[in-house]
Amino acid sequence: MEYKVLIWGYAKKSKSGMRASPATVLIKDKGKKILVDPGANKKKLLNSLKRGGLKPKDIDLIFITHYHPDHILNLNMFPSKVVLDGDTIYDDDLETHFEGKIPGTSIEVVPTPGHANEHASLLLKAKEEIVCVAGDLWWWSDDQKQKTDRASLIDLKDPYVKDEKKLRESRELILSKADYVIPGHGKMFKVEK
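What follows is the structure, given as structure tokens:
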């Protein structure tokens, strides 16, 4: 399995509001190309795909960590693709339930509610390490200091949280499983063991 962060997530204040788009990750596993969180910045995504010699038509599956607009606005770039979330495969008008792994891959799907009720993260076994593509389980605005000690990661405030208790439990779960985490907005970090 291989993965590459095509776009590092950002959340920047602007004069009129906020500019935000998440980490967009390309995973290659068992002959499939899976794009995680296509985000909101179409130009950046097209340029990142092009640099990798890819076009939107080359992507096999799209995985969405949750349904906040900054994570899904670019879905329209992939009109004929299969879309997955934490427990459902959407193929045109057919919805099929799944659990455990993305079908046909070794990518583990882990429900991580809290930021959003439907939030899910992915665990990738890359070489001998477990990497979590975490969506907004953790996120920092560009002007925040990214503290990655365990206590700071558990206690990180989320102004959009739906369920604080579930968010903390989800963070504890991922910290117990992952060696590295790619957050929705911010830089990849190593998990203290």
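To convert, take the position in the sequence shown, counting from 1, and add 634; that gives the numbering used here.
In this text, a Cβ means the ideal position worked out from N, Cα and C, and glycines have one as well.
The model shown is predicted, which means the values in this text are computed figures rather than measured ones.
Environment of residue i [buried if 16+ CB atoms lie within 10 Å]
i	result
D783	exposed
R805	buried
P737	exposed
S650	exposed
P793	exposed
H705	buried
Residues that DSSP places opposite residue i in a beta bridge
i	result
H731	T722
T658	I641
I868	Any answer about residue 868 is impossible in this case: the structure gives the chain only from 635 up to 827.
F823	V815
E636	K662
G651	S648
V743	L756
Residue i - DSSP class collapsed to helix/strand/coil
i	result
D663	strand
P851	The structure shown does not extend to residue 851, since the chain spans only 635 to 827, so no value can be given for it.
A750	coil
G769	helix
A760	strand
S682	helix
I788	helix
M711	helix
S810	helix
S804	helix
D776	coil
P703	helix
CB contact flag (residue i, residue j, <7 Å)
i	j	result
V664	D694	Here the sequence assigns Lys to residue 664, which means Val is not the residue at that position. Contact flag unset, no.
L758	Y644	no
I741	L756	yes
A768	P703	no
V717	C766	no
N710	L679	no
L809	V825	yes
K646	D776	yes
H700	W773	no
D899	I764	What the structure shows of the chain is the stretch from 635 to 827, and residue 899 is not part of that stretch, so it cannot be assessed.
V670	V639	no
D789	G748	no
V743	A750	no
T746	L787	no
Heavy atom of the ligand ADP within 6 Å of residue i beta-carbon
i	result
V670	Within the structure as shown, the ligand ADP is missing, as the structure has no ligands at all.
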